Amino acid sequence: MTDLAQLSNVLGAWYDFRDLNNLQRLITEWIAEWGPDWLASIVTGVLGALGILAVIGPTLLILIWVERKVISRFQQRYGPNRVGPKGLLQPVADAVKLILKEQLAPRAADKLIFFLPPVLIFVPGILIWGVLPFGPRMSVADLNVGVLFLLAVSGTAVLVIFMAGWSSNNKYALFGAMRAVAMSISYEVPMVLALLTLVVFSGTMSVNGIVEWQQQEDVIFILLFPLSAIAFFFAASAELNRTPADISEAESEIVAGYHTEYSGMRFGLFYAVELGNTLVVSGFIATFFLGGWWLWGLDQWVPSWIILLVKTGAVYFLLIWTRGTLPRLRIDQLMSFCWKALVPATLLFVVVAFVERTLLISEGWDTTVALPIMAVFNIALTLGAIMLFARVARPAPLRRPARIRMAGTEIGGLRAARQVASRTEEPQFQVGGD
Amino acid sequence: MDNVLEQYGHLGILLIFAAVFPSIPLIASWAMFKFGLRPRLPNAIKSDTYECGVETEGPTWVQFNFRYYLVALIFVLFDVEVIFLFPLAVALDSVVVTGLVAALIFIAVLFLGLVYEWRRQALEWR
Chain A
1 MTDLAQLSNV
11 LGAWYDFRDL
21 NNLQRLITEW
31 IAEWGPDWLA
41 SIVTGVLGAL
51 GILAVIGPTL
61 LILIWVERKV
71 ISRFQQRYGP
81 NRVGPKGLLQ
91 PVADAVKLIL
101 KEQLAPRAAD
111 KLIFFLPPVL
121 IFVPGILIWG
131 VLPFGPRMSV
141 ADLNVGVLFL
151 LAVSGTAVLV
161 IFMAGWSSNN
171 KYALFGAMRA
181 VAMSISYEVP
191 MVLALLTLVV
201 FSGTMSVNGI
211 VEWQQQEDVI
221 FILLFPLSAI
231 AFFFAASAEL
241 NRTPADISEA
251 ESEIVAGYHT
261 EYSGMRFGLF
271 YAVELGNTLV
281 VSGFIATFFL
291 GGWWLWGLDQ
301 WVPSWIILLV
311 KTGAVYFLLI
321 WTRGTLPRLR
331 IDQLMSFCWK
341 ALVPATLLFV
351 VVAFVERTLL
361 ISEGWDTTVA
371 LPIMAVFNIA
381 LTLGAIMLFA
391 RVARPAPLRR
401 PARIRMAGTE
411 IGGLRAARQV
421 ASRTEEPQFQ
431 VGGD
Chain B
435 MDNVLEQYGH
445 LGILLIFAAV
455 FPSIPLIASW
465 AMFKFGLRPR
475 LPNAIKSDTY
485 ECGVETEGPT
495 WVQFNFRYYL
505 VALIFVLFDV
515 EVIFLFPLAV
525 ALDSVVVTGL
535 VAALIFIAVL
545 FLGLVYEWRR
555 QALEWR
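For the record, the sequence lines run as chains A and B. Residue numbering for the first sequence follows the working numbering, starting at 1 and increasing by one per position. Residue numbering for the second sequence follows the working numbering, starting at 435 and increasing by one per position.
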């Protein structure tokens, strides 16, 4: 029995959209009145999972439209504009078409491993949503090792990609999978190092703790560690197999890479997971480097998850932008950029982070003074590193091709032929001679 | 909030949902087949291995280029070593200067390894 006061209390908390934790606490308390403890935990967990899926499902459909529309604008075309107003219903039409399409499986494929990847590839992409904080302490699982969890789970996607490529028993698929594995694991190293700088500086491995540190110190990490942000951005776009680094599904080389043999809805899942992963990665970039749900006090007035959503959208647009403007890199360029540029640079910044953090702790400096100085120093160091890279990696100047010399051959048109005919000595080469 | 195991339990629930979610369109597709709306007419040509219209030559599962394994080896070395820095980074508050020295020595060794690989041309993609 709930009386009126309790009901208004419930409604008041319900309407406080700023913090969904209120809702969770209410449900927990309500269940604790009549049920066992584990039920409350399971119900909140299920609600959190459903909430995340309710975010992912519709966003995937919208993102298909957004991605195609924005890319087409970059390429000076209209993009989808037939189905529905402004082509908004295009993703629905695509989904219906893919569901109704025949699903082929090659005779030579390893059947069990062939059928698993379209489902399994979604798992890491959805699982890392669990540690993304939508607000203060507002995530499905507020782990104290959130960064490690993120790295570990996102690393398993490589395994699924390799399963898809290997089981297809197709040479293009195998090449694509091999390239994807080599590139993903290579770019994992600068990614880990870039996150390590943040962990060193904020002194916590919790994703939420990193955001709280930024809130506490009134600074966003992209100002303190711009090179880590750049490295993480590029490494993430490589892990996502998006265009500056999409050698694993390079259309002009290896058809569609590891999902060459997948058709119908199975292909649709591979297509969708790329967009979903891009979204969650831009969410993590926004969280780690742009302050996440926090925006200089605005989070007191606007629901924190709207702030996160706006930042995520901005990063997502940046990812589409790089996809729309940059050409695809060769595999040797990608690998050497990773190992010879990103890894040493991020390693340098790990050292910088360690030293600066130790100075902050041991000297007890005032952070309002020390952090801007460190930010300026780090930005200068980043610019220096980029300029050094630009100087070292500058392509060799184009050489004028050497003039073609004709040494006594019959090639070269009528004039050359006359010259040859007027010669007294025998030409060195004869065509069709005996 | 405070119970660590509860957080991992939530992740477990999320894991189950993450596996069910992508199955829904596949099940829908299968249902469409059951209702007779989706074709399933495999034939010898269709279920052949796709190779741009050419018949595929030889087995696919052969020994692959060595450089991919080299990259994997270097990755394992680096990733495992870097992971050791995470606990040190979190505990830096309590082991201030000693921790810094340890971290610097560790990173120096790591960097030496990178320089060695670079000099031995293990990082070249040939």
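Ideal placement from N, C-alpha and C gives every residue a C-beta, glycine not left out. This one's a predicted model, so the numbers in the text were calculated from it and none came from an experiment.
Pairwise C-alpha distance: residue j and residue i
| i | j | result |
| --- | --- | --- |
| A:Ile-496 | A:Ile-285 | Because chain A here runs from 1 to 434, residue 496 of chain A falls outside it and cannot be looked at. |
| A:Glu-188 | A:Asp-246 | 15 Å |
| A:Ile-436 | A:Glu-356 | Missing from the structure shown is residue 436 of chain A; chain A here goes from 1 to 434 and no further. |
| B:Pro-476 | A:Val-123 | 30 Å |
| A:Ala-393 | A:Met-387 | 10 Å |
| A:Ile-254 | B:Lys-468 | 34 Å |
| B:Tyr-484 | A:Met-178 | 18 Å |
| B:Ser-481 | B:Arg-474 | 11 Å |
| A:Leu-39 | A:Ile-31 | 7 Å |
| A:Asn-208 | A:Phe-134 | 9 Å |
| A:Pro-395 | A:Phe-389 | 11 Å |
| A:Ala-238 | B:Val-505 | 16 Å |
| A:Tyr-78 | A:Leu-63 | 16 Å |
| A:Gln-24 | A:Asp-332 | 50 Å |
| A:Glu-67 | A:Asp-94 | 14 Å |
| A:Leu-89 | A:Val-192 | 39 Å |
Same chain only: Cβ atoms within 8 Å of residue i, ignoring 5 sequence neighbours per side
| i | result |
| --- | --- |
| A:Tyr-224 | The residue asked about is misnamed: residue 224 of chain A is Leu in this sequence, not Tyr. Result list for A:Leu-224: Phe-201, Leu-371, Met-374, Ala-375, Asn-378, in chain order. |
| A:Phe-317 | Val-70 |
| A:Leu-360 | Thr-367, Ala-370 |
| A:Ala-105 | Lys-111, Phe-114, Phe-115, Glu-261 |
| A:Leu-98 | Gly-264, Met-265, Phe-267, Gly-268 |
Same chain only: Cβ atoms within 6 Å of residue i, ignoring 5 sequence neighbours per side
| i | result |
| --- | --- |
| A:Ala-194 | Ser-228, Ala-231, Phe-232, Thr-346 |
| A:Gly-130 | Val-140, Ala-141 |
| A:Gly-146 | Val-131, Ser-206, Val-207 |
Residue i in three-state terms, based on DSSP
| i | result |
| --- | --- |
| B:Pro-521 | helix |
| A:Ile-285 | helix |
| A:Arg-242 | coil |
| A:Thr-278 | helix |
| A:Gly-364 | coil |
| A:Ala-108 | coil |
| A:Asn-378 | helix |
| A:Pro-226 | helix |
| A:Ser-336 | helix |
| B:Leu-471 | coil |
| A:Lys-86 | helix |
| A:Ile-121 | coil |
| B:Pro-493 | coil |
| A:Arg-77 | coil |
| A:Ser-304 | helix |
| B:Gln-555 | coil |
| A:Glu-102 | coil |
| A:Ala-95 | helix |
9 Å Cβ cutoff, residue i in contact with chain A
| i | result |
| --- | --- |
| B:Lys-480 | yes |
| B:Glu-399 | In the structure as shown, chain B begins at 435 and stops at 560. Residue 399 of chain B is therefore absent and cannot be evaluated. |
| B:Val-543 | no |
| B:Phe-498 | yes |
| B:Gly-487 | no |
| B:Gln-555 | no |
| B:Leu-445 | yes |
| B:Leu-460 | yes |
| B:Leu-546 | no |
Cutoff 9 Å: residue i Cβ touching any chain B Cβ
| i | result |
| --- | --- |
| A:Glu-102 | yes |
| A:Lys-311 | no |
| A:Arg-107 | yes |
| A:Tyr-172 | yes |
| A:Val-200 | yes |
| A:Thr-505 | No answer is possible for residue 505 of chain A: the residues shown for chain A start at 1 and end at 434. |
| A:Gly-433 | Low local confidence applies: a pLDDT of 45 at A:Gly-433 is under 50, so the model's placement there is unreliable, and no value is given. |
| A:Ser-282 | no |
Sequence-distant residues of its chain with Cβ nearer than 7 Å to residue i (five each side left out)
| i | result |
| --- | --- |
| A:Ala-185 | Correcting the residue type first, residue 185 of chain A is Ile in the shown sequence and not Ala. If we look at A:Ile-185 and ignore the five residues flanking it on each side, its Cβ neighbours are Val-158. |
| B:Arg-472 | Ser-463, Met-466 |
| A:Ile-307 | Trp-293, Leu-295, Leu-298, Asp-299 |
Contact test: residue i Cβ vs the ligand ATP heavy atom, cutoff 8 Å
| i | result |
| --- | --- |
| B:Gln-497 | Ligands in the displayed structure: none, and consequently the ligand ATP is not present. |
(request) Check each residue of the stretch 80 to 95 of chain A: if its Cβ is closer than 8 Å to any Cβ of chain B, include it; give the result in chain order. (result) The residues in question are Ala-95.
(message) If the cut-off is 7 Å on Cβ atoms, which residues from the stretch 303 to 330 of chain A count as contacting chain B, listed in chain order?
(response) Going along the stretch 303 to 330 of chain A in chain order, one finds no residue with a Cβ nearer than 7 Å to chain B.
(request) Check distances from the C-beta atoms of the stretch 462 to 473 of chain B to those of chain A and list, in chain order, the residues that come in under 7 Å. (result) Listed by position, the residues of the stretch 462 to 473 of chain B near chain A (Cβ gap below 7 Å) are Ala-462, Ser-463, Met-466, Leu-471, Arg-472, Pro-473.
(message) Output needed in chain order: residues of the stretch 509 to 543 of chain B with a Cβ under 8 Å from some Cβ in chain A.
(response) From the stretch 509 to 543 of chain B, only Phe-509, Phe-512, Asp-513, Val-516, Ile-517, Leu-519, Phe-520, Ala-523, Val-524, Leu-526, Asp-527, Val-530, Val-531, Gly-533, Leu-534, Ala-537, Leu-538, Ile-541 have a Cβ closer than 8 Å to chain A.
(request) Using a Cβ-Cβ cut-off of less than 8 Å, list which residues of the stretch 329 to 346 of chain A approach chain B; keep chain order. (result) Under the 8 Å Cβ criterion, the stretch 329 to 346 of chain A contributes Ile-331, Asp-332, Met-335, Ser-336, Trp-339, Lys-340, Val-343, Pro-344.
(request) Can you give me, in chain order, the residues of the stretch 43 to 63 of chain A that have a beta carbon less than 8 Å from any beta carbon in chain B? (result) For the stretch 43 to 63 of chain A, which is checked against every Cβ of chain B, the residues closer than 8 Å are Thr-44, Gly-45, Val-46, Gly-48, Ala-49, Leu-50, Ile-52, Leu-53, Ile-56, Gly-57.
(request) Would you list, in chain order, the members of the stretch 127 to 142 of chain A that have their beta-carbon closer than 7 Å to a beta-carbon of chain B? (result) From the stretch 127 to 142 of chain A, only Leu-127, Gly-130, Arg-137, Val-140, Ala-141, Asp-142 have a Cβ closer than 7 Å to chain B.
(request) Could you list the residues in the stretch 253 to 266 of chain A with a C-beta less than 9 Å from some C-beta on chain B, going in chain order? (result) Cβ proximity to chain B below 9 Å picks out Val-255, Thr-260, Glu-261, Gly-264, Met-265, Arg-266 from the stretch 253 to 266 of chain A.
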